[in-house]
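Number of protein chains: 2
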Amino acid sequence: MFDILRQNLSAHGPIAPEDLDRFTAVCKVVNVKRKKQVLSEGNIPNFLIFVHSGLIRMYTTDKNMNEHTFDFGSEGTWFGDIKSFRFKQPTDTNIEAIEDSQLLVIAHEDLKQLYATVPGLERVGRINAEDKYIQLLDRLKKINHSNYSAEERYQEFLKFHGDIAFRIPNTYIASYLGIATETLSRIRKNMLHNNQ
Amino acid sequence: MFDILRQNLSAHGPIAPEDLDRFTAVCKVVNVKRKKQVLSEGNIPNFLIFVHSGLIRMYTTDKNMNEHTFDFGSEGTWFGDIKSFRFKQPTDTNIEAIEDSQLLVIAHEDLKQLYATVPGLERVGRINAEDKYIQLLDRLKKINHSNYSAEERYQEFLKFHGDIAFRIPNTYIASYLGIATETLSRIRKNMLHNNQ
DNA sequence: AGAGACTCTTGATTTATATCAACAAATCCC
DNA sequence: GGGATTTGTTGATATAAATCAAGAGTCTCT
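So the sequences go chain by chain: A and B.
When we follow the working numbering, the leftmost residue of the first sequence carries the number 14, and every step to the right adds one.
When we follow the working numbering, the leftmost residue of the second sequence carries the number 14, and every step to the right adds one.
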C-alpha cells in the first residue's frame, strides 16, 4: 500500500526505514469515487494528498460558474492547495476525483512534526516543491503564456501529458488549456484531417 | 551588504551566525547596469541570484522574436532558472536588469555543499520553493488563466505588484500579462477616464 | 543641451476564439 | 439492457484583442 509513497520519499537521498514507517503510520488511506469532491472551496484544508492510484484534478470557479482546471494528479504525485494548507486560510480551489482513486492523506500537524524530526525529509520537501514550481513554470511558458494558438497549446499538452491525456475528459483538458470545449473539439477534428 | 540575504535565510528558523558567514562568503557580488543581460538563453546557468537591490526580469522569446516576461525580481527575492540550474541544461530564459542592480550570486557546487552541511538550510530552501510555487499559481489563477479580460488582468497585476509597477516599463508589463503593448496603452487610457 | 534611442499612444483593420444553440454519441450504473 | 446523465460535435454569429502603421513623448547619456 505504501510502497509508492516510500519510493517518493526516498527518491532524493535515503530516509531511515523506521522514519518511513513513522511517516506512513500517520497517513490516512482515503478511497474516493469518480466525480467525488475531496476538497471544496471555502474550506481550510488541513491535509496534503499523495495520489497512490487513480487521477484527480484541481480547479477554481469564476463568477460565471466556469471551471478552470489547474493541475491533474496521477499515481505518485503530491497534490493539494499548499497556500491555504500552510497559512490555514479558506481555499479557493476544489479537488475532485476524475477516476476512482486511492489517496494517502497527511495532516498538517503530523507533517510538521515529521519535518522537524526526520533527517532528510526537508530535502525531499524542497525538491518536490522545486519540481512543482518547475512544472508549473513550464506549463505557463508552453501553454498559458500565449502567442501560442489554441491548437499549439493542445499539442504541447499532449507532448507533456500524453500519458494521462486519454484518461481525462476533453472538457477538463479545455479548461486546463484556457479554451472553450467547442474549440478543442474543432481542433481535434482538424488534427485528424491533417494527419491522414 | 549581506544583511538582507541573512534576513532571508533566517526567516523560517534560526541559522547559526557562523553558517550564515559561510554562506555569504561564497556569494559573489555582481553589479549590473540597467538593460544588461545577466543570463542568456542557450547557456547553462551555474548560479542562483539573490536580488540585493534593484529590479530584474526573466523572459523568453518566441519564434516571432516576441518577448514573454515571466517574473520580476526586486530587493530581497531569489531569482534564477531553477530547472536548468538543477539539471545543468541549456536554459530557454533570459534574465535582464530593468534598473541598475546589485545581485548576490551563488554557484551550484557551493549551494549544494551548504545544503549538505548547514542545519536548517534545507528548510529555508523548501519554504522559499513553496513560496515561489504559491506565487506562480496565484499569478496563473488571477492573470493568465483567462475569462479575465485584459483590463481585469492589469488590475490584478496592480493589486499584486503595485509596489513595483511604476518602476517597470509598460511594454514589459504587457508582455507579463500576455497582451499587446497597444492594448495596455488603451486600457490605461480607459481606466483614467472611468476613474475621474 | 541635444541627438538618438527607447516607450507610449492612437487609429484602422483583421482574426482567432468565445458564445449561443441544438443535437449526437458515449458512458454509467441500477 | 436501457434510461439517464455526461461528454462531444457542429454551425452561425459576435467580439475582444492582435496586428499594422505612423507619429508623439520621454528618457539618457555623452
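For every residue, glycine included, the Cβ atom is placed at its ideal position computed from N, Cα and C.
Query: Can you tell me where the beta strand (DSSP E) with residue 41 of chain B in it begins and where it stops?; Result: 41 to 45
Query: List the DSSP bridge partners of residue 71 of chain B.; Result: B:84 and B:108
Query: Measuring straight from C-alpha to C-alpha, what distance separates residue 111 of chain A and residue 177 of chain A?; Result: 11 angstroms
Query: Output needed for residue 43 of chain B: all residues of its chain with C-beta closer than 6 angstroms, excluding positions within five of it in sequence on either side, in chain order.; Result: 116 and 118
Query: Relative to the C-alpha of residue 172 of chain B, which residue among B:158, B:151, B:182 and B:185 is closest?; Result: B:151
Query: Is residue 20 of chain A helix, strand or coil when you go by DSSP?; Result: helix
Query: Among B:123, B:191 and B:183, whose alpha-carbon lies nearest the alpha-carbon of residue 161 of chain A?; Result: B:191
Query: Taking the C-alpha atoms as reference points, what is the distance between residue 28 of chain A and residue 89 of chain B?; Result: 33 angstroms
Query: Would you list the residues sitting across from residue 50 of chain A in a DSSP beta bridge?; Result: A:109
Query: Taking 7 angstroms as the threshold (beta carbon to beta carbon), is residue 96 of chain A in contact with chain B?; Result: yes
Query: Tell me, to the nearest whole angstrom, how far the beta carbon of residue 146 of chain B is from that of residue 142 of chain A; I am working on the premise that it is less than 8 angstroms.; Result: 6 angstroms
Query: Where do the N-terminal and C-terminal ends of the alpha helix (DSSP H) with residue 177 of chain A fall, by residue?; Result: 163 to 178
Query: Check whether the segment 123 to 141 of chain A touches the segment 14 to 32 of chain A, counting contact only when three or more Cβ pairs, one atom from each stretch, lie closer than 8 angstroms.; Result: yes
Query: Indicate whether at least one CB of chain A lies closer than 7 angstroms to the CB of residue 146 of chain B.; Result: yes
Query: Taking 7 angstroms as the threshold (beta carbon to beta carbon), is residue 157 of chain A in contact with chain B?; Result: yes
Query: Would you mind reading off the limits of the beta strand (DSSP E) that contains residue 120 of chain B?; Result: 114 to 120
Query: Rounded to whole angstroms, what is the Cα-Cα separation between residue 45 of chain B and residue 52 of chain B?; Result: 11 angstroms
Query: Could you tell me whether the segment 126 to 135 of chain A touches the segment 60 to 75 of chain A, using the rule of 3 or more Cβ pairs below 8 angstroms?; Result: no
Query: For a contact meaning CB atoms closer than 7 angstroms, what does residue 142 of chain B contact in chain A?; Result: 139, 142, 143 and 146
Query: Name, please, each residue of chain B whose Cβ falls closer than 8 angstroms to the Cβ of residue 195 of chain A.; Result: Here the premise fails: no neighbours, minimum Cβ distance about 15 angstroms.
Query: List the residues of chain A whose Cβ lies closer than 9 angstroms to the Cβ of residue 154 of chain B, in chain order.; Result: 73, 81, 83, 105 and 106
Query: With a threshold of 7 angstroms between beta-carbons, can residue 54 of chain A be considered close to chain B, or not?; Result: no
Query: Please report the straight-line C-alpha distance between residue 65 of chain A and residue 41 of chain A, rounded to a whole angstrom.; Result: 12 angstroms
Query: The ligand GTP and residue 108 of chain B: does any heavy atom of the ligand fall closer than 6 angstroms to the residue's C-beta?; Result: This structure lacks the ligand GTP; in fact it carries no ligand of any kind.
Query: Residue range of the beta strand (DSSP E) that residue 61 of chain A falls in?; Result: 60 to 66
Query: State buried or exposed for residue 179 of chain B, treating a residue as buried only when at least 16 other CB atoms are found within 10 Å of its CB.; Result: exposed
Query: Alpha carbons only, please: which of A:83, A:199 and A:194 is nearest the one belonging to residue 156 of chain A?; Result: A:83
Query: Ignore the nearest five residues each way along the sequence and tell me which others in residue 183 of chain B's own chain have a CB closer than 8 angstroms to its CB.; Result: 194, 197, 198 and 201
Query: Need the endpoints of the alpha helix (DSSP H) that residue 144 of chain A sits in, please.; Result: 134 to 152
Query: Quick one: residues in its chain with C-beta nearer than 6 angstroms to the C-beta of residue 68 of chain B, no 5 flanking neighbours on either side, listed in chain order?; Result: 87, 111, 112 and 180
Query: Which residue's Cα is closest to the Cα of residue 63 of chain A: A:153, A:158 and A:14?; Result: A:14
Query: Can you have a look at residue 85 of chain B and say buried or exposed, based on whether 16 or more other CB atoms are within 10 angstroms of its CB?; Result: buried
Query: Which residues in the same chain have their Cβ closer than 6 angstroms to the Cβ of residue 59 of chain B, if we skip the five residues on either side of it in sequence?; Result: 120 and 121
Query: Return yes when the Cβ of residue 19 of chain B is within less than 7 angstroms of the Cβ of residue 33 of chain B, no when it is not.; Result: yes
Query: For residue 36 of chain B, which option in B:149, B:170 and B:123 has the closest C-alpha, if you only look at C-alpha atoms?; Result: B:123
Query: Comparing alpha-carbon positions, which option in B:61, B:81 and B:158 lies nearest residue 98 of chain B?; Result: B:61
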